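Heads up, the thing below is written out as structure tokens.
Protein chains in written order, with my numbering: chain R, 1 to 112; chain H, 1001 to 1116.
So, in structure tokens, the structure goes:
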């Protein structure tokens, strides 16, 4: 079945360490997105990519980095510069030929 | 700038009651899409509906219905005869530009609790 796979589901890291969240899709979607969700704040856009080898900053890109070397993959790195990284991270993808946006099941990152 | 407002933070109802979730949006584009998503406790977002800016017809899908009014920039969602399984956080979202690869802007969500 086609879909988006985010791994791992839960991630614990020590403060000051970089960590990379995986997002893979087999939907042949052109665009991919990373959102961060904090309690009571809805989803905020971190980065998005509409085509391979290109990506744009969202509203809260500081302290994060991404790459889009392959159409199916859009990993997100949470760097030590991100002041408050503990959150729920959701990856999504969409096709330029219509349909809705498909979301992964999320990664809950806890920094201790 | 584009913005989505969901003023209702939390709503509690008893099973079989009807409930309406409000969504107000701001955009300067004439071409845009509006969405509703459901987020159950598992965390994954479930797509419910997409509506483009040129289609103001109301839509009904089973117990769900949506009322899109451009004059008031609103896209409200009604659940008829609510059930416990409807308990979730519901998000309204906006995508400008008319392409399906434009970024989604979300409201802060409305938590719906349906009690038996």
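Virtual Cβ for every residue (Gly too), placed ideally from N, Cα, C.
All of these numbers come straight from a predicted model, not from anything done at the bench.
The C-beta separation of residue 1076 of chain H from residue 1020 of chain H comes to about 6 Å, placing the pair in contact by the 8 Å criterion. Following the DSSP letters along the chain, one finds residue 57 of chain R inside the beta strand (DSSP E) bounded by residues 54-57. Interface annotation, residue 87 of chain R: not in contact with chain H, CB-CB separation never under 9 Å. Linking residue 1072 of chain H to residue 16 of chain R through their CA atoms gives a straight-line distance of about 47 Å. For the stretch 11-41 of chain R, the set of positions with a beta-carbon nearer than 8 Å to some beta-carbon of chain H reads 30, 31, 33, 35, 40, 41 in chain order. Legend: CB atoms of the stretch 52-86 of chain R lying less than 7 Å from CB atoms of chain H belong to residues 58. For residue 1075 of chain H, the enclosing beta strand (DSSP E) starts and ends at 1074-1079. Taking a Cβ-Cβ cut-off of 8 Å, the neighbours of residue 1042 of chain H in chain R comprise 105, given in sequence order. Within chain R, the residues placing a beta-carbon under 7 Å from that of residue 1107 of chain H are 42, ordered along the chain. Between residue 1108 of chain H and residue 1006 of chain H a beta carbon distance of about 6 Å is seen, short of the 8 Å cut, so the two are scored as contacting. Straight-line measurement puts the Cα of residue 1054 of chain H at about 43 Å from the Cα of residue 110 of chain R.
Annotation: residue 1108 of chain H is outside any beta strand (DSSP E) and is labelled neither H nor E by DSSP.
Residue environment for residue 1103 of chain H: buried (at least 16 other C-beta atoms within 10 angstroms of its C-beta). According to the DSSP assignment, residue 108 of chain R belongs to the beta strand (DSSP E) that extends over 107-111. Under the three-state reduction of DSSP, residue 1071 of chain H is assigned to helix.
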